[in-house]
Each structure stands twice: as structure tokens, then as C-alpha cells.
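J.: In terms of this note's numbering, the sequence shown opens at residue 64 and continues consecutively. No residue lacks a Cβ here, since even glycine has one placed at the ideal position from N, Cα and C. From a predicted model like this one, the values you see are computed outputs, not experimental measurements.
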Amino acid sequence: MYRAYDVGKLASPALDWFHSYVSDHSQTFIAANSKSDPVPVECIVPQGSVLGPVQFIAYTDDVTELFHKHDLGYHLFADDKQVYTHVLPGEVEAGLHKLASCISELEAWFASRRLQLNAAKTELIWFGFRAALQKPSADRSLAVDTVVIHPVDVVRDLGVLLDS
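1) May I have the straight-line CA-CA distance separating Asp124 from Asp216, to the nearest angstrom?
2) Where do the ends of the beta strand (DSSP E) carrying Ser86 lie?
3) Going by DSSP, which residues form a beta bridge with Arg219?
4) I need the DSSP call for Phe192, collapsed to helix, strand or coil.
5) With a threshold of 7 angstroms, establish whether the CB of His160 neighbours any heavy atom of the ligand MG.
6) Which of the three DSSP states is assigned to Ala234 in this structure?
7) Closer than 8 angstroms is the cut-off here; do at least three beta carbon pairs connect the segment 172–182 with the segment 216–225?
8) Return the CA-CA distance between Val210 and Leu162, expressed in angstroms with no decimal places.
9) Per DSSP, what are the beta-bridge partners of Val104 in this structure?
10) Taking only the alpha-carbon atoms, compute the straight-line gap between Asn181 and Ser167 and give it to the nearest angstrom.
11) Quick one: what does DSSP say His32 is sitting in, helix, strand or coil?
12) Let me make sure I understand the geometry here. Which of Asp143, Tyr122 and Cys106 has the alpha-carbon closest to that of Lys184?
13) Please report how far the alpha carbon of Pro214 lies from the alpha carbon of Tyr147, in whole angstroms.
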């Protein structure tokens with residue numbers, strides 16, 4: 064039989080511990096020699112904790128629906144999200160358009176969850192045969208709103224270096 068409980072009235076050390084883990088947090092901002100007063104934080108996934116990655120994944124697990132909508136492949140690991148597609152050499156522009164559309168929607172998805180896409184950590188790499196990658200062709204950069212992501216030759220993925 065299902066019973067509704069008032070969480071505040073349950074006496075459980077485990078529940079008390081979990082409640083203390085996700086409540087009553089604040090943050091302070093420091094710039095140069097100035098320090099702000101503490102500001103309460105209403106939404107938190109504590110960084111550097113054992114439960115942090117699990118909580119973050121639970122908080123963001125519906126992002127896969129967005130990737131499916133754009134027919135893109137993806138890999139998720141804690142707070143890292145990788146999205147990819149494969150194209151023939153003549154389909155580069157269509158592939159870039161697909162990725163840009165997805166990333167544009169992804170920015171709105173992040174904002175709806177009080178998160179922010181970090182453009183400075185966003186990387187783009189093209190994999191393929193050396194001859195195909197060295198052919199002069201249209202710009203292979205990815206333009207999303209006002210940000211342009213230029214392709215790189217090497218990326219680090221979970222400590223492994225991958226080159227084009």
C-alpha cells in the first residue's frame with residue numbers, strides 16, 4: 064500500500080544526512096581583494112563528492128532526447144557530453160548544420176536547468192583519411208549563434224589523446 068509521508072517528519076539518520084547534503088548551501092564571490100556576502104544556492108550538485116556525478120546524471124539524463132531528435136550519436140560521462148555524426152566528404156555542410164542546430168537547442172536546454180554550455184571547453188575534431196582531411200574545401204568550423212568553434216587536430220577524451 065502506498066503512503067505519502069511528510070519528509071520533514073521522518074526521523075531517519077540516512078534521510079537527515081541526505082537532506083543536509085543538498086540543503087543550506089551558499090556561495091561567496093571573490094574578485095581581487097573583495098569578497099561578497101554569502102548568497103544562498105537553491106539548486107546544487109556538490110562538486111568533488113561521491114554522489115555528485117550520480118546526481119548530475121539524474122538531473123540531466125533527458126538530454127539524450129535532444130540528441131535523438133537530431134539523429135546524432137553521443138557519449139555522456141558525468142558532466143561531459145560528446146555529440147557526433149558521420150558524413151561523406153560531400154555532406155560536410157549538412158553535418159555541420161545538424162550539429163549547430165543541436166548545439167543551439169542544447170544551449171536552451173542547459174539554460175532551462177540553470178546550467179551553461181562552456182564554449183571555451185567545446186572542441187570540434189574531424190576524423191577521416193588524411194588525403195580527405197587535407198583537401199582544400201569549405202570551412203569546417205562550427206558556427207553556433209555568435210560562437211565559432213574551429214576544428215582542432217587533437218582532443219583529449221578521458222585521458223586518451225585522439226588525433227584526426
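T.: Taking the definition as stated:
1) The residue given as residue 124 occupies position 61 in the sequence shown. The residue given as residue 216 occupies position 153 in the sequence shown. Distance between the alpha carbons of Asp124 and Asp216 is about 30 angstroms.
2) Your numbering for residue 86 matches position 23 in the sequence shown. Note, Ser86: premise wrong, no beta strand (DSSP E); not H, not E.
3) In the sequence shown, residue 219 corresponds to position 156, counting from 1. Leu224, per the DSSP bridge assignment.
4) Here residue 192 refers to the residue found at position 129 when the sequence shown is read from its first residue. Coil at Phe192, not helix or strand.
5) The ligand MG is absent from the structure shown, which contains no ligands of any kind.
6) Because residue 234 is not part of the residues shown, which for the chain are 64 to 227, the question remains open.
7) Taking 8 angstroms as the limit for Cβ pairs, the verdict is that the segment 216–225 does not touch the segment 172–182.
8) Locating residue 210 in the sequence shown gives position 147, where the first residue counts as 1. Locating residue 162 in the sequence shown gives position 99, where the first residue counts as 1. Spanning the alpha carbons of Val210 and Leu162 requires a straight line of approximately 13 angstroms.
9) The residue labelled residue 104 in the question sits at position 41 within the sequence shown. In DSSP, Val104 forms a bridge with His88.
10) The sequence position of residue 181 within the sequence shown is 118, counting from 1. The sequence position of residue 167 within the sequence shown is 104, counting from 1. If I take the Cα positions, the gap works out to 13 angstroms.
11) In the structure displayed, the chain extends from 64 to 227; residue 32 sits before or after that span and is not available.
12) Here residue 184 refers to the residue found at position 121 of the sequence shown. Among Asp143, Tyr122 and Cys106, the Cα nearest to that of Lys184 is on Asp143.
13) Locating residue 214 in the sequence shown gives position 151, where the first residue counts as 1. Locating residue 147 in the sequence shown gives position 84, where the first residue counts as 1. If I take the Cα positions, the gap works out to 13 angstroms.
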